[in-house]
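Taking UniProt numbering, I'd label the letters of the sequence shown as residues 1 to 263.
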Amino acid sequence: MPLPPHLFDSHLHTPLCNHAEGSPREYAQAALDLGLSGVCFTDHIPMPAWFDAEWRMKRGQLDEYVQTVKDVQREFGGRLVVRLGLEADFHPGTERYVAQILEEHPWDYVIGSVHYIGAWGFDNPAFKDEYRQRDLAGLYRHYYALVEGAARSTLFDAIGHLDLPKKFGDTDPDGMAALHALDVIAMQGLSLDFNTAGWRKPVKEAYPAPDLVRAAATRGIPFVLGSDAHAPAEVGYRFGDAVKEIHDVEGVIVSYAGRERVG
Ligand SMILES: [Zn+2]
Ligand SMILES: [Zn+2]
1 MPLPPHLFDS HLHTPLCNHA EGSPREYAQA ALDLGLSGVC FTDHIPMPAW FDAEWRMKRG
61 QLDEYVQTVK DVQREFGGRL VVRLGLEADF HPGTERYVAQ ILEEHPWDYV IGSVHYIGAW
121 GFDNPAFKDE YRQRDLAGLY RHYYALVEGA ARSTLFDAIG HLDLPKKFGD TDPDGMAALH
181 ALDVIAMQGL SLDFNTAGWR KPVKEAYPAP DLVRAAATRG IPFVLGSDAH APAEVGYRFG
241 DAVKEIHDVE GVIVSYAGRE RVG
């Protein structure tokens, strides 16, 4: 089934983060080949040196990132809309650092993601054994409290991969621990990254889970499609399935900037 028109892929990485491959222009070409209307690059934001430094660009590389995206913008002008965003981390204590970076450029779209519970990078395959040491219900309560903090911070346009701790199959035993966070996300007027990378991971389910997609749509929270591509071949990954899932619950898909409705 062909994709509906006007779709964007708004969660793309670049090799500057040290764990993605392919040049940004190859990501853009892949989007064009799929019939997408646009892309938004959202590479991992620089963070303080003590935080997860090997998995992201350095602060001194930010201008190179912006320039690279602008070059792709120019190259694909008239054929593909190319926007400039970031996937920012929400980690209590780093808000001011993040705010400073967000002020440096007029970003089209900023995703706020929680990748850490305390010092534990819980989505890193190298540390997944830690799930065996944790009470899963408590883990999700802690995680969604952080997501609420991200939503209240007013730093971001959207929340990234809402139910990320399920990545390796450790799903929320309550199933609905996210509901209060969704209330806050709706109240703050944020969108949700509908992130198809979950379909490539052991959990084999997009972020958020279908029940949470329904709960978000009920609250009027719009969705922004993202493949979370770390390679050109992942651009637009399973967007047909994503659109169907969102439409089935009468959800709305938007793109940035401008929050225009796209599908
Ligand atoms: Zn990444
Ligand atoms: Zn992420």
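Glycine is no exception: its CB is placed at the ideal position from the N, C-alpha and C atoms.
On a CA-only basis, which of the options is nearest residue i? Give me that one, please.
{"i": "V203", "options": "D172, A233, G85 and A215", "result": "D172"}
{"i": "P210", "options": "L34, A197, A177 and I246", "result": "I246"}
{"i": "L7", "options": "G236, A158 and D157", "result": "G236"}
{"i": "L164", "options": "G112, A215 and V184", "result": "G112"}
{"i": "A88", "options": "T196, Q100, D9 and Y143", "result": "Q100"}
{"i": "K166", "options": "Y207, H180, G220 and V147", "result": "Y207"}
{"i": "M187", "options": "E205, F168, T218 and D174", "result": "T218"}
{"i": "Y256", "options": "L225, I185 and D248", "result": "L225"}
{"i": "K174", "options": "S227, E103, R141 and A28", "result": "First, the residue type needs correcting, since residue 174 is Asp and not Lys in the sequence shown. The residue with the shortest Cα to Cα distance from D174 is R141."}
{"i": "R238", "options": "Q29, L36, E21 and T68", "result": "L36"}
{"i": "G78", "options": "Y97, A28, V110 and E104", "result": "A28"}
{"i": "R214", "options": "A231, D183 and Y116", "result": "D183"}
{"i": "S153", "options": "L102, N195 and W55", "result": "L102"}
{"i": "E26", "options": "G251, A233 and A242", "result": "A233"}
{"i": "G220", "options": "L190, A242, K58 and K244", "result": "L190"}
I need the boundaries of the alpha helix (DSSP H) containing residue i, first residue and last residue.
{"i": "R74", "result": "L62 to E75"}
{"i": "V147", "result": "L136 to R152"}
{"i": "H247", "result": "F239 to D248"}
{"i": "V213", "result": "P210 to T218"}
Give the DSSP-derived three-state secondary structure of residue i in the structure shown.
{"i": "G121", "result": "strand"}
{"i": "Y256", "result": "coil"}
{"i": "G85", "result": "strand"}
{"i": "A178", "result": "coil"}
{"i": "L102", "result": "helix"}
{"i": "A20", "result": "coil"}
{"i": "A206", "result": "coil"}
{"i": "L164", "result": "helix"}
Could you check whether residue j and residue i sit closer than 7 Å to each other, using their CB atoms as the reference points?
{"i": "F127", "j": "G121", "result": "yes"}
{"i": "L192", "j": "A177", "result": "no"}
{"i": "V72", "j": "P24", "result": "yes"}
{"i": "G240", "j": "L3", "result": "yes"}
{"i": "F223", "j": "I253", "result": "yes"}
{"i": "Y109", "j": "D157", "result": "yes"}
{"i": "A181", "j": "E130", "result": "no"}
Following the continuous beta strand (DSSP E) through residue i, name the residue where it begins and the one where it ends.
{"i": "I45", "result": "Counting along the chain, I45 falls outside any beta strand (DSSP E), and DSSP gives it neither H nor E."}
{"i": "residue 297", "result": "Not covered by the structure: residue 297. The range shown for the chain is 1 to 263."}
{"i": "V110", "result": "Y109 to S113"}
{"i": "V235", "result": "Looking at the DSSP string, V235 is not in any beta strand (DSSP E), and its letter there is neither H nor E."}
{"i": "D170", "result": "Premise fails: D170 is in no beta strand (DSSP E) and is neither H nor E."}
{"i": "S227", "result": "From DSSP, S227 is part of no beta strand (DSSP E); its letter is neither H nor E."}
For residue i and chain D, any beta-carbon pair shorter than 7 Å?
{"i": "L136", "result": "The structure shown contains no chain D; it is built from a single protein chain."}
Any contact of the stretch 32-44 with the stretch 1-13, i.e. 3+ C-beta pairs under 8 Å?
-> A contact between stretches requires three or more CB pairs, one per stretch, nearer than 8 Å, and the stretch 32-44 meets this requirement with the stretch 1-13.
Is the stretch 80-96 close to the stretch 127-140, with three or more CB pairs under 8 Å?
-> No: the two stretches stay apart, fewer than three of their Cβ pairs being nearer than 8 Å.
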